[in-house]
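Here is the structure we will look at, set down as structure tokens.
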Amino acid sequence: MAELDWHAERSDLADIVQLDRSPETDGIDLAGVRAYRQARVRRKMSEYGVDAVILSDPVNIRYATGTRNMQVFSMRNAPSRYLLLTLDKSILFEFTGCLHLAEGFETIDEVRPARTASFVAAGPHIVEREALWSAEMADLIHELTGNRKATVGLERLNAGTSIALRNRGLSVVDAQQPIEMARAIKSPEEMKCVIASLRATEIGVGKLREAIRPGLTEAELWSVLHKSIIEQNGDYVETRLLNAGDRTNPWFQETSANLIGRNDLIALDTDVVGCHGYYADFSRTFHAGPDKPSAEQRDLYKIAFEQVHHNMDILRPGMTFREYADRAWNIPEKYHTNRYYLSAHGVGMTGEYPYLYHHGDFPEAGYDGALESGMTICVESFIGEDGGREGVKLEQQVLITDSGIELLSRFPFEDDLLA
Numbered sequence: 001m002a003e004l005d006w007h008a009e010r011s012d013l014a015d016i017v018q019l020d021r022s023p024e025t026d027g028i029d030l031a032g033v034r035a036y037r038q039a040r041v042r043r044k045m046s047e048y049g050v051d052a053v054i055l056s057d058p059v060n061i062r063y064a065t066g067t068r069n070m071q072v073f074s075m076r077n078a079p080s081r082y083l084l085l086t087l088d089k090s091i092l093f094e095f096t097g098c099l100h101l102a103e104g105f106e107t108i109d110e111v112r113p114a115r116t117a118s119f120v121a122a123g124p125h126i127v128e129r130e131a132l133w134s135a136e137m138a139d140l141i142h143e144l145t146g147n148r149k150a151t152v153g154l155e156r157l158n159a160g161t162s163i164a165l166r167n168r169g170l171s172v173v174d175a176q177q178p179i180e181m182a183r184a185i186k187s188p189e190e191m192k193c194v195i196a197s198l199r200a201t202e203i204g205v206g207k208l209r210e211a212i213r214p215g216l217t218e219a220e221l222w223s224v225l226h227k228s229i230i231e232q233n234g235d236y237v238e239t240r241l242l243n244a245g246d247r248t249n250p251w252f253q254e255t256s257a258n259l260i261g262r263n264d265l266i267a268l269d270t271d272v273v274g275c276h277g278y279y280a281d282f283s284r285t286f287h288a289g290p291d292k293p294s295a296e297q298r299d300l301y302k303i304a305f306e307q308v309h310h311n312m313d314i315l316r317p318g319m320t321f322r323e324y325a326d327r328a329w330n331i332p333e334k335y336h337t338n339r340y341y342l343s344a345h346g347v348g349m350t351g352e353y354p355y356l357y358h359h360g361d362f363p364e365a366g367y368d369g370a371l372e373s374g375m376t377i378c379v380e381s382f383i384g385e386d387g388g389r390e391g392v393k394l395e396q397q398v399l400i401t402d403s404g405i406e407l408l409s410r411f412p413f414e415d416d417l418l419a
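In UniProt numbering, the protein residues as written are 1 to 419.
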């Protein structure tokens, strides 16, 4: 095979472009998904009076175009890969040597090499680099919009680039709102991607469950999920949330070399960025054996199960976030301190808008809005007593429909913990 010159302009790289050609694409019109998502972004840009957005968050770039490149790397090296999107033009500025990756995407009108305006790339010349970057972008935005004072939305760029753009007369606004509102509503074809990611993740969680035995470390067990996700063309796991025994309570303890003990509870939150870049987000708690779960372990599990299912049952289109908080399951006082920080949240390519808060937290943290058909929502529970040894984490992913909800996550619950 001839050696590829990654830095040359090539037109013969069709076999290596990242169009997600793999078994999980069967029956999915990915071009249709990409077109829908880009149209959603442009519709929201128009609604919020934004002439152009410069997106550097790789998840947002993928949502708007379908393109992917070093997603985790790009998250912490902005702007090294970014998208300029106007109401009728899409220009991807791709990382050095990677321009071939956008070949074949109908969502991209033009690919140009990125000018990395970060301190690690420019060192003491960062101000000059940001000035060059902003000059290039401001001139291009003027060319595309015909407006030297265009309104430009930014989200993850460093402060210096934003200041430099504003100094060139552009009106700089936060792009988060239009982007999040665009991402909130999924099309039927997009839902096929969500479901493909969930089914693949459920296979991985099944393998993890089968591998459970006392004496493994948390990390050893958690690696089973990683292996399965990568084998199925998923991307990565966003958090480290598998814990056993007394490390299940309180929640949010990083997966470690802690040994899984006899009869420990093992709590898992998947947080998988799976195939097509979609988040598969459900939680399950298992029992390590070899004996039956204790009465206390069963009680914790049943209470968490009750919370999740009560809150699923009240979800409906048109329900306001305040109404949800008022009707949501009331957490018993002894579990209140260690409660999960949210009652439910949106989900798509990551955790997304909206956040739905517990009744007691709504006055300080909550905001209003309304659930809409096409939103995908994760309903959460963590039940662990303050000072107690163990806790239970459960979570289900659902779709808001015209008449209620459709359950998306199908991994079974544990019969021995519900007994």
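We put the beta carbon where it would ideally sit given N, CA and C, even for glycine.
| query | Which residues mark the beginning and the end of the beta strand (DSSP E) in which Y82 is found? | reply | 82–86
| P124 to A114, Cα distance in whole Å? | 19 Å
| Anyone know if the C-beta pair for D416 and K292 falls short of 9 Å? | yes
| Taking Cβ positions, are L300 and I383 nearer each other than 9 Å? | yes
| Contact check, E390 vs D269, beta carbons under 9 Å | no
| field | Reduced DSSP category for S118 - H, G, I as helix; E, B as strand; rest coil | value | coil
| query | From H310 to Q176, what distance separates their C-alpha atoms? | reply | 31 Å
| message | Are the CB atoms of E155 and S56 within a distance shorter than 9 Å? | response | yes
| So, using beta-carbon positions, are P354 and A121 closer together than 9 Å? | no
| query | Closest to L87 by CA distance: which of S46, S197, Q297, T320 is it? | reply | S46
| Candidates G204, G32, R316, H287: closest to E372 by CA position | R316
| message | Quick check on DSSP: helix, strand or coil for Q177? | response | helix
| If we ignore side chains and look at the alpha-carbon of each, how far apart do D5 and T116 end up? | Interpretation of D5 is limited by its pLDDT of 36, a score under 50 that renders its predicted location unreliable; the figure taken from the coordinates is listed afterwards. Their Cα atoms are separated by approximately 21 Å.
| If we ignore side chains and look at the alpha-carbon of each, how far apart do R21 and V50 end up? | Bear in mind that a pLDDT of 43 at R21, under 50, signals an unreliable position, so the number given afterwards is only what the model happens to contain. The alpha-carbon atoms of R21 and V50 are separated by roughly 34 Å.
| query | What does a CB cutoff of less than 6 Å around A267 pick up in its chain, not counting 5 residues either side in sequence? | reply | N243, T248, T285, K393
| said: Can you confirm whether E414, when its beta carbon is compared against all beta carbons of chain C, has any partner nearer than 9 Å? | reply: This model lacks chain C altogether, as it is built from one protein chain only.
| query | Assuming T337 contacts G369 under a Cβ cut-off of 8 Å, what Cβ separation, rounded to an integer in Å, is found between them? | reply | Wrong, their Cβ atoms sit about 28 Å apart, outside the cutoff.
| said: So the candidates are E190, G261, T145, N263; which of them puts its Cα closest to the Cα of I28? | reply: E190
| request: Please state whether DSSP places I383 in a helix, a strand or coil. | output: strand
| query | What's the call for L418, buried or exposed, on a 16-neighbour Cβ count within 10 Å? | reply | exposed
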